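See below for the structure under consideration.
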Amino acid sequence: MKNSITAFGVGVLFAIGLGLSGMTQPQKVIGFLDLFGDWDPSLLFVMGGAVGVHFFAYRWSLQRTSPLFSLHWHIPNKKEITPSLIFGSLLFGVGWGIAGYCPGPSLTSLVTLSWQPILFVASMISGMYLYRLGARYGFF
Amino acid sequence: MSQWMMPLFGGVCIGVAASFMLFLNGRVTGVSGILNGVLVPRKGDTLWRFLFIVGLMVGGLFIQLLQPESFLNLTTTSPLGLIVAGLFVGFGTVMSGGCTSGHGICGISRLSVRSIVATGVFMAAGFLSVYIFKHLLMGYL
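These protein sequence lines are chains A and B, in that order.
Per my numbering, residue 1 is the first one in the first sequence, and the count goes up by one each step.
Per my numbering, residue 1 is the first one in the second sequence, and the count goes up by one each step.
Given below as structure tokens:
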């Protein structure tokens, strides 16, 4: 239960951060990705701010043997650079550039009830199911 | 206020949120992974994911009340473009095991080589994608 309450609070703060930072404005995101055009580098500061905080918080947290509300850490420990990692990231980047939405901001934007984020999120969820379907039949 | 102050402040909020998730629950705040886990529910591992996503929307409501211009700049991508983009983002993030939050923020903070490579690839692909779809195809998708 504590875990779920934490997750809810984290979601709220995370979304407020996305909104304040400009990540919920697809035109701004596309401007950030427009390296060969009229580049708007301001969104670099979003990653700078987030990583700047989390880099130290991660090291500080991991000094404990376990997190506060769980028996152990659930942190990915894979090391291999796989074709799935590369190809998946490539697809994600292309989609991100087409719409200007990545998963977090698209979900946050659903509250506008505009058709654009709704259509995007429905397609994104379909894409996730498609991957599962393909994986189940051994395609990847 | 200068152009980078709000992005930096918003980024700090995101970093603090991810740090709470780590310190309290011991988990990575990867939005695509959390959403993907809701799609195929497993006992004892679904409620927190679901509530995180509800939290994202409640946070969105706060933003709409306090700073509605955050949602004004909607995408100009066509319906077909949004469908293709959504499919690529959903499929690609599950295939690579992360998105801007999981690989880009949490993974880079851990200095995970996989996440650094993934972020480099999706950023480069994003630059290329905007170049192709915005400049070469003049927004025809």
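Virtual Cβ for every residue (Gly too), placed ideally from N, Cα, C.
If you're wondering where the values come from, they're calculated on a predicted model, not measured in any experiment.
DSSP-derived helix/strand/coil call for residue i
| i | result |
| --- | --- |
| R166 (chain A) | This structure cannot settle anything about residue 166 (chain A), because the visible part of chain A is limited to 1 through 140. |
| R27 (chain B) | strand |
| H72 (chain A) | coil |
| R64 (chain A) | coil |
| S114 (chain A) | coil |
| C102 (chain A) | coil |
| G59 (chain B) | helix |
| K78 (chain A) | coil |
| G92 (chain B) | helix |
| P41 (chain B) | coil |
| R132 (chain A) | helix |
| Y131 (chain B) | helix |
| M47 (chain A) | helix |
| R114 (chain B) | helix |
| L119 (chain B) | Per the sequence shown, residue 119 (chain B) should be read as Thr rather than Leu. Three-state result, T119 (chain B): helix. |
| Q27 (chain A) | helix |
| M138 (chain B) | coil |
| Q64 (chain B) | helix |
Neighbouring residues, chain B, relative to residue i (Cβ below 9 Å)
| i | result |
| --- | --- |
| F120 (chain A) | T75, T77, L82, I83, A85, G86 and V89 |
Buried versus exposed, by CB contacts within 10 Å (16 or more), residue i
| i | result |
| --- | --- |
| T65 (chain A) | exposed |
| I14 (chain B) | buried |
| I137 (chain A) | Here the sequence assigns Tyr to residue 137 (chain A), which means Ile is not the residue at that position. That one is exposed. |
| W60 (chain A) | exposed |
| Q25 (chain A) | buried |
| G44 (chain B) | exposed |
| V40 (chain B) | exposed |
| Q116 (chain A) | buried |
| L71 (chain A) | exposed |
| P67 (chain A) | buried |
| L80 (chain B) | exposed |
| S114 (chain A) | exposed |
| R42 (chain B) | exposed |
| F20 (chain B) | buried |
Min CB distance residue i to chain B below 7 Å
| i | result |
| --- | --- |
| Y58 (chain A) | yes |
| T65 (chain A) | no |
| F36 (chain A) | yes |
| W39 (chain A) | no |
| Y137 (chain A) | no |
| K83 (chain A) | Before going further, note that residue 83 (chain A) is Pro rather than Lys in the sequence given. Closer than 7 Å: no. |
Chain-ordered chain A contacts of residue i [CB-CB under 8 Å]
| i | result |
| --- | --- |
| M138 (chain B) | By Cβ distance, chain A contributes nothing, its closest Cβ being about 12 Å from M138 (chain B), past 8 Å. |
Neighbour list for residue i in chain B, Cβ cutoff strictly below 8 Å
| i | result |
| --- | --- |
| G100 (chain A) | T75 and T77 |
| L113 (chain A) | Under the 8 Å cutoff, chain B gives no residues; its nearest Cβ is about 10 Å from L113 (chain A). |
| L90 (chain A) | G92, V121, F122 and A125 |
| L133 (chain A) | Simply none; closest approach about 10 Å. |
Near the ligand ZN: residue i beta-carbon under 6 Å from a heavy atom
| i | result |
| --- | --- |
| A57 (chain A) | Of ligands this structure carries none, so the ligand ZN is not represented either. |
Cβ of residue i within 7 Å of any chain A Cβ
| i | result |
| --- | --- |
| T46 (chain B) | no |
| V117 (chain B) | yes |
| S129 (chain B) | yes |
| G15 (chain B) | yes |
| S2 (chain B) | no |
| L65 (chain B) | no |
| P68 (chain B) | no |
Contact list for residue i against chain A, beta-carbon separation under 7 Å
| i | result |
| --- | --- |
| K43 (chain B) | Near K43 (chain B) there are no residues of chain A at all, since even the closest Cβ is about 14 Å away, more than 7 Å. |
| G37 (chain B) | Simply none; closest approach about 10 Å. |
*Is it a yes or a no for the segment 102-109 of chain B touching the segment 27-42 of chain B, going by three-plus beta-carbon pairs under 8 Å?*
Judged by pairs of C-beta atoms under 8 Å, the segment 102-109 of chain B touches the segment 27-42 of chain B, as three or more such pairs exist.
*asked:* Does the structure place the segment 48-59 of chain A close enough to the segment 5-19 of chain B that three or more beta carbon pairs sit under 8 Å?
replied: Contact between the segment 5-19 of chain B and the segment 48-59 of chain A is present, because at least three Cβ pairs lie under 8 Å.
*Does the count of Cβ pairs from the segment 45-62 of chain B and the segment 113-127 of chain B closer than 8 Å reach three?*
No: the two stretches stay apart, fewer than three of their Cβ pairs being nearer than 8 Å.
_With three or more beta-carbon pairs closer than 8 Å as the criterion, would you say the segment 87-98 of chain A touches the segment 29-42 of chain A?_
Yes, since at least three Cβ pairs between the segment 87-98 of chain A and the segment 29-42 of chain A fall closer than 8 Å, the two stretches touch.
*Between the segment 67-76 of chain B and the segment 98-118 of chain A, do at least 3 Cβ pairs fall closer than 8 Å?*
With a cut-off of 8 Å, the segment 98-118 of chain A and the segment 67-76 of chain B count as touching, because enough Cβ pairs lie within range.
*Are three or more beta carbon pairs between the segment 33-44 of chain A and the segment 121-140 of chain B nearer than 8 Å?*
Touching, yes.
*Using 8 Å as the threshold, is the segment 88-96 of chain B in touch with the segment 116-133 of chain A, meaning 3 or more CB pairs across them?*
Three or more pairs of CB atoms, one per stretch, sit closer than 8 Å, so the segment 88-96 of chain B contacts the segment 116-133 of chain A.
*Should the segment 9-18 of chain A be regarded as contacting the segment 75-90 of chain A, the criterion being three or more beta carbon pairs within less than 8 Å?*
Contact between the segment 9-18 of chain A and the segment 75-90 of chain A is not established, with fewer than three Cβ pairs separated by less than 8 Å.
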